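Working notes for the structure below.
In this note's numbering, the protein residues as written are 2 to 485.
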């Protein structure tokens with residue numbers, strides 16, 4: 002079969018956004034790390050090899066390649082044959098850490114690198130499975146399994162579902178996707194921005210800058226953090242990716258659920274997000290007055306009823322909320338507002354319109370005429386110009402939460418995240434909870450808007466605040482709760 006005759010599917014808006022990141026040398030790779038108490042607890046190589054082939058039969062996006070990657074109409078095209086198991090499954094050793102948490106964090110730190118730096122990415126697999134053994138091959142030392150996949154091909158929820166299918170004892174009941182029939186999110190949900198949504202954006206972006214300066218002063222929106230805290234452009238080579246892992250006990254989370262319910266907060270996500278922005282306020286409150294923050298929550302829209310793939314492709318919208326914080330802000334009011342807004346149909350639609358705005362990015366073909374392979378189309382130029390400007394951040398935080406899940410058979414821990422990106426907010430926190438407790442991986446570009454010591458302070462406030470809530474502290478202003 003000739004290449005032009007092979008099945009294909011054009012990239013969705015969010016998938017093309019992720020392609021833009023790779024084209025500009027900042028690819029996004031989603032990584033899940035699973036810890037096992039000993040090597041014998043790992044699934045066998047023969048099991049994984051067989052399952053890797055089976056998954057490609059069910060989900061052809063796993064053996065498709067992106068073509069036309071530097072054009073305005075990129076698409077997935079099926080390969081003549083699936084990837085062999087040896088193309089996907091690899092075995093390596095890890096560097097032992099002083100603690101289990103340190104080992105988990107270090108394995109995550111190294112894992113995105115293998116897919117992110119591949120020179121032949123568009124000719125090779127988009128995903129990989131790796132087992133990690135102690136260098137002595139000790140039968141009693143911890144072992145790890147990692148799944149990594151480029152964000153072009155999957156989102157966080159999809160990656161977790163893919164992992165569960167990779168390790169499930171039986172997947173015979175799973176559907177068989179047809180590549181050309183995998184629905185795009187914008188083709189199954191109304192994501193078109195309304196006139197009321199677009200007018201303020203057009204006014205602030207295009208009309209206000211043309212007015213006299215003395216008038217602009219009254220019309221410009223107030224700055225959001227980290228407006229005055231940007232030390233370096235996030236694309237700078239000096240701003241290297243960094244990460245931190247926070248682990249909390251199951252007992253704390255169980256108690257927190259009880260307290261939140263008593264306070265009328267319907268989701269723990271509202272508590273976690275309020276705690277994180279409180280930590281940001283506590284550390285940086287003297288850098289901006291008034292202290293206004295905008296924080297995002299990616300929301301899964303994946304639905305088999307809409308023709309979405311069961312565990313590949315991208316089906317995410319983003320709920321963004323803005324707050325003005327001060328010493329007298331009541332934590333429970335903030336947490337309830339966040340929780341209620343996340344469940345609000347109006348907010349859900351606004352999040353879809355946020356994603357739908359990608360349709361209006363400039364889309365002209367620029368390369369090779371511009372001689373800049375990092376800006377092959379208007380998408381790359383627009384986004385790269387933005388993050389290299391004096392105001393690269395539109396939010397302070399993105400909190401991605403995969404919720405409560407079950408550990409795979411024989412596993413004792415699990416985390417997930419993606420490497421820090423200049424296209425993400427200064428703080429990007431990736432959460433998951435399971436029988437082992439609550440796990441949060443925070444990633445950032447070191448030295449851009451935040452540094453390691455400040456992140457540790459935010460985490461300290463975050464954890465301390467949660468303990469104060471379950472201990473029943475009476476004063477629940479964010480000032481009182483953030484004191485360490």
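The beta carbon of each residue, even a glycine, is placed where N, CA and C say it ideally should be.
Quick caveat: nothing in here was measured; it's all calculated off a predicted structure.
Taking residue i as the reference, which of the options has the closest Cα?
i: residue 202; options: 370, 354, 327; result: 354
i: residue 391; options: 236, 308, 38, 358; result: 236
i: residue 418; options: 232, 33, 27; result: 33
i: residue 64; options: 151, 393, 20; result: 151
i: residue 404; options: 52, 161, 130; result: 161
i: residue 141; options: 210, 120, 41; result: 41
i: residue 335; options: 376, 25, 184, 267; result: 267
i: residue 15; options: 187, 131, 96; result: 187
i: residue 48; options: 101, 130, 36, 39; result: 130
i: residue 458; options: 387, 120, 286; result: 286
i: residue 252; options: 283, 402, 468, 301; result: 468
i: residue 428; options: 52, 455, 376; result: 455
i: residue 435; options: 420, 421, 407; result: 407
i: residue 178; options: 164, 276, 79; result: 79
i: residue 284; options: 306, 326, 317; result: 326
i: residue 433; options: 420, 402, 422; result: 402
i: residue 225; options: 460, 45, 396; result: 396
i: residue 388; options: 98, 58, 234; result: 234
i: residue 316; options: 157, 262, 271; result: 157
So, using beta-carbon positions, are residue i and residue j closer together than 8 Å?
i: residue 67; j: residue 77; result: yes
i: residue 471; j: residue 256; result: yes
i: residue 108; j: residue 450; result: no
i: residue 223; j: residue 291; result: yes
i: residue 126; j: residue 88; result: yes
i: residue 465; j: residue 248; result: no
i: residue 293; j: residue 323; result: yes
i: residue 297; j: residue 155; result: no
i: residue 332; j: residue 279; result: yes
i: residue 462; j: residue 243; result: no
i: residue 180; j: residue 52; result: no
i: residue 393; j: residue 379; result: no
i: residue 375; j: residue 265; result: no
i: residue 220; j: residue 214; result: no
Measure how close the beta-carbons of residue i and residue j come, nearest whole angstrom, since I'm counting them as under 8 Å.
i: residue 308; j: residue 192; result: So it is not a contact: roughly 15 Å between Cβ atoms.
i: residue 320; j: residue 348; result: 5 Å
i: residue 70; j: residue 20; result: 6 Å
i: residue 18; j: residue 385; result: Between residue 385 and residue 18 the Cβ distance is about 13 Å, and since that is not below 8 Å, they are no contact.
i: residue 149; j: residue 112; result: 5 Å
i: residue 448; j: residue 106; result: Not quite, the Cβ-Cβ distance comes to about 19 Å (not below 8 Å), so this is no contact.
i: residue 36; j: residue 425; result: About 26 Å separates the two Cβ atoms, so there is no contact after all.
i: residue 409; j: residue 246; result: Going by Cβ atoms, the distance from residue 409 to residue 246 rounds to 19 Å, so no, they are not a contact pair.
i: residue 228; j: residue 190; result: Not a contact, Cβ separation roughly 33 Å.
Which residues does DSSP list as the beta-bridge partners of residue i?
i: residue 151; result: 30
i: residue 322; result: 296
i: residue 451; result: 447
i: residue 1; result: The structure shown does not extend to residue 1, since the chain is modelled only from 2 to 485, so the question has no answer here.
i: residue 242; result: 446
i: residue 199; result: The partner list for residue 199 (beta bridge, DSSP) is empty, contrary to what the question assumes.
i: residue 438; result: 435
*At 4 residues or longer, and completely inside the segment 164-197: list those alpha helix (DSSP H) runs for me, N to C.*
none
*asked:* Ignoring anything shorter than 4 residues, give me the alpha helix (DSSP H) runs that lie fully in the segment 55-140, in order along the chain.
replied: 86-89, 101-117
_Could you tell me which whole beta strand (DSSP E) segments of length 3 or greater appear in the segment 340-428?_
398-405, 414-419
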